[in-house]
Amino acid sequence: MVKANCRLTIMKFSLSHLTDNSPALLIVPIVKNESASASYTAISSLTQIPVEQIRADFNADLKEVHTIYYSQNNLHKKLVLLGLGKKTGYKEVNEAFRSFIHKRKANLPEEVGISFLHGNAPENPMLWIEAAVNGCLLGQYQIGLYKTQSAEKTDQAGKEIKLILLVGEEHSAAAQSALSKGEATALTQMQIFDLVNAPSNKKTPQTLADGAVRSGQEYGYKVEVLNKKEIETLGLHALLAVNRGSENPATFIVMEYKPTTDARKKVALVGKGVTFDTGGLSIKPSTNMHYMKSDMGGAAAVLGTLELAAKLKLPIHLYGIIPATDNSVDAHSIKPGDVIGSFDGKTIEVIDTDAEGRLILADGLAYAVKKFKPDVLIDLATLTGSCIRTLGTYAGGLFSNDEKLLNNLLDAGQRTGERLWALPLWDDYKKELTSDVADVKNFSGNPSAGAI
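Okay, so the sequence shown: first residue is 2 according to the working numbering, each after it adds one.
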C-alpha cells in the first residue's frame, strides 16, 4: 500500500468509569426518541440548566451539535450534545462522530470525553463504542496526500488528543474489545483511502503487489505475486490483453488468510485492480478521466478486507485475488473487434476496450473457482457508470445467483452504511453477449442495461 497520509493529530483512546470530574470537553451522543429522557435529566443535573430549555434548544437530529458551557469544581467546562437522529445503528453513530471530528479537528482540546453513561441505553452499547471510535479516527482523514505545504498541518502536526470513553464498569472488557476493533478498522480504512486517492504515477500494479506483501508479512497471512512471465505461463490471457498497451507489467496477486481456529466458511474475494483506465482505444472523454485513478477500488477493498480479517483474527478462511493492470493507449493495445483468450478457455470478442474490468475479472474469478473451490465467491469492482446513473452514489449495485447470500449482503450493507441494491440476473440478458466470431463478447453494444 502507499505511504499513509500525515494526520493532523494523534488520537489515543482509553476507558474510564469516572463521572465526578469530567474532561474539559465532554461529548454526549443523544438519540431522538423518548429513551433519551434520562440523558436530558442527567445533563440538567450536571449543568443546572432546566430540561425544558435543553430540549427547546436541541432536537437531536443526526449530526446536530449543541454546546453547553458549565462549571464543575470551579473549572469552566464544555458539554457537547451530539444528535444521532431517530435511528441508532452503527451507521448513524459513526456518521455523527465522523462529522463532528472532521469539522472541529483543528480546535479540539488535548483531552476529550465521550460519555455513554448519561442515560443512553442502546440495544448494543458496544456497537456504539466501536462506531464512535471508528468515526473519530476517520473524521481526521485528509485527502491531501501529496501536499507539501499546509498552514493547518504546520500548526497541528503531531498534536496528541486523548479521547476518554466513559462507560459502566461492568462493560469494561467488552468496551475495550469494541474500542480496539473500531480503531483497527479505521487504521486499515485510512490506508485504503490513501491507496484509492493516490495518482496513477504513484500507484502501479507492482505498487499494489508490494503493499499486499508488506501487509501479509506484518499481519501473518500468505501473499503470492505472479509477474508477467508467470501470468503468461498460467494462461491469464484476458488480463494480458488489457495490459498490452501499458508500460507497467501486470501483476496477479493471490492472498490467503487462514484462522488458527476452525473456519466457518471458505470465501474468495476477487477485486478489480485497474490502476488507471483511459478506456483504451475506446477512449473516455477527458472531463472526468482523472478520476480513473480510483478504478482499482475493488482491489483496494479486497486488500483491506484481508488485512483486517488477519488483524482481528476472524474465523473465516479468506482468499483474495487481484488481477492488476492499467488500461492504456499504445500501438500494442487491443482493438475493438479483436478476439482474445481467457483462463477458462473461452474466447472473447472485444467490442469495447473500455469494458476491460470484466475481462480481467473473468480471469480472476475462473482462477479462484478452479484453484480454491470456495463456498462463497464475491467480486468487487468499480465496473460501470451505469450503476451510478441508476443508483447515484448512495448504493452499490449487487448481482447474485444465491438469494441467501444476496440478503446477507443487503443486510450487512444497511447496518454499516455501505448500502447495496439488488439488480437482476435474468437469462434474458444472455443473448446480449452472444458473439458471431467468439464464445462471448464483452459488451452488448446496447446503450440500455449497461450494468447488467
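Glycine included, every Cβ here is placed at the ideal spot set by N, Cα and C.
This structure is a prediction, so every number in the text was calculated from the model and none was measured.
Report back the beta-carbon spacing between residue i and residue j to the nearest angstrom; my notes put them in contact at under 8 angstroms.
i: residue 197; j: residue 298; result: 6 angstroms
i: residue 82; j: residue 67; result: 4 angstroms
i: residue 113; j: residue 162; result: 6 angstroms
i: residue 136; j: residue 111; result: Rounded, the Cβ-Cβ distance is 20 angstroms, inconsistent with contact.
i: residue 254; j: residue 209; result: 6 angstroms
i: residue 169; j: residue 18; result: 7 angstroms
Decide if residue i is buried, meaning its Cβ has at least 16 other Cβ atoms within 10 Å, or exposed.
i: residue 91; result: buried
i: residue 77; result: exposed
i: residue 155; result: Interpretation of residue 155 is limited by its pLDDT of 45, a score under 50 that renders its predicted location unreliable; no figure is taken from the coordinates.
i: residue 54; result: exposed
i: residue 302; result: buried
i: residue 152; result: Confidence at residue 152 is low in this model, with a pLDDT of 49, below 50, so the placement of that residue is unreliable and no value is reported for it.
i: residue 334; result: buried
i: residue 24; result: buried
i: residue 201; result: buried
i: residue 300; result: buried
i: residue 314; result: exposed
i: residue 426; result: exposed
i: residue 6; result: Bear in mind that a pLDDT of 49 at residue 6, under 50, signals an unreliable position, so the number given afterwards is only what the model happens to contain. Label assigned to residue 6: buried.
i: residue 296; result: buried
i: residue 428; result: exposed
i: residue 355; result: buried
i: residue 149; result: exposed
i: residue 173; result: exposed
i: residue 178; result: exposed
i: residue 182; result: buried
Counting only beta-carbon atoms, is residue i nearer than 8 angstroms to chain D?
i: residue 295; result: Protein chain content of the structure displayed is limited to a single chain, and chain D is not contained in it.
According to the Cβ coordinates, are residue i and residue j closer than 8 angstroms?
i: residue 349; j: residue 274; result: no
i: residue 205; j: residue 249; result: yes
i: residue 134; j: residue 93; result: no
i: residue 167; j: residue 101; result: no
i: residue 34; j: residue 74; result: no
i: residue 52; j: residue 70; result: no
i: residue 243; j: residue 108; result: no
i: residue 283; j: residue 339; result: no
i: residue 221; j: residue 311; result: yes
i: residue 26; j: residue 106; result: no
i: residue 272; j: residue 381; result: yes
i: residue 186; j: residue 308; result: no
i: residue 330; j: residue 281; result: yes
i: residue 252; j: residue 207; result: yes
Give the range of the beta strand (DSSP E) segment to which residue i is assigned.
i: residue 333; result: Looking at the DSSP string, residue 333 is not in any beta strand (DSSP E), and its letter there is neither H nor E.
i: residue 267; result: 267-272
i: residue 455; result: The structure shown does not extend to residue 455, since the chain spans only 2 to 453, so no value can be given for it.
i: residue 73; result: 66-73
i: residue 325; result: 318-328
What residue does the alpha helix (DSSP H) around residue i start on, and which one ends it?
i: residue 129; result: 126-140
i: residue 29; result: From DSSP, residue 29 is part of no alpha helix (DSSP H) but of the beta strand (DSSP E) over 26-31.
i: residue 342; result: Residue 342 -> no alpha helix (DSSP H), and no H or E assigned at all.
i: residue 306; result: 298-313
i: residue 219; result: 206-220
i: residue 191; result: 173-198
i: residue 280; result: Here residue 280 belongs to no alpha helix (DSSP H), and DSSP marks it neither H nor E.
i: residue 41; result: 38-48
i: residue 203; result: Where residue 203 is concerned, there is no enclosing alpha helix (DSSP H), given that its DSSP letter is neither H nor E.
i: residue 55; result: 52-58
i: residue 243; result: 238-244
Between the segment 219-229 and the segment 178-193, do at least 3 Cβ pairs fall closer than 8 angstroms? no
Using 8 angstroms as the Cβ pair cut-off and three pairs as the minimum, do the segment 267-281 and the segment 308-321 touch? yes
For the segment 361-375 against the segment 235-248, are there 3 or more C-beta pairs whose distance is under 8 angstroms? yes
Does the pairing of the segment 422-442 with the segment 398-409 give three or more beta-carbon distances under 8 angstroms? yes
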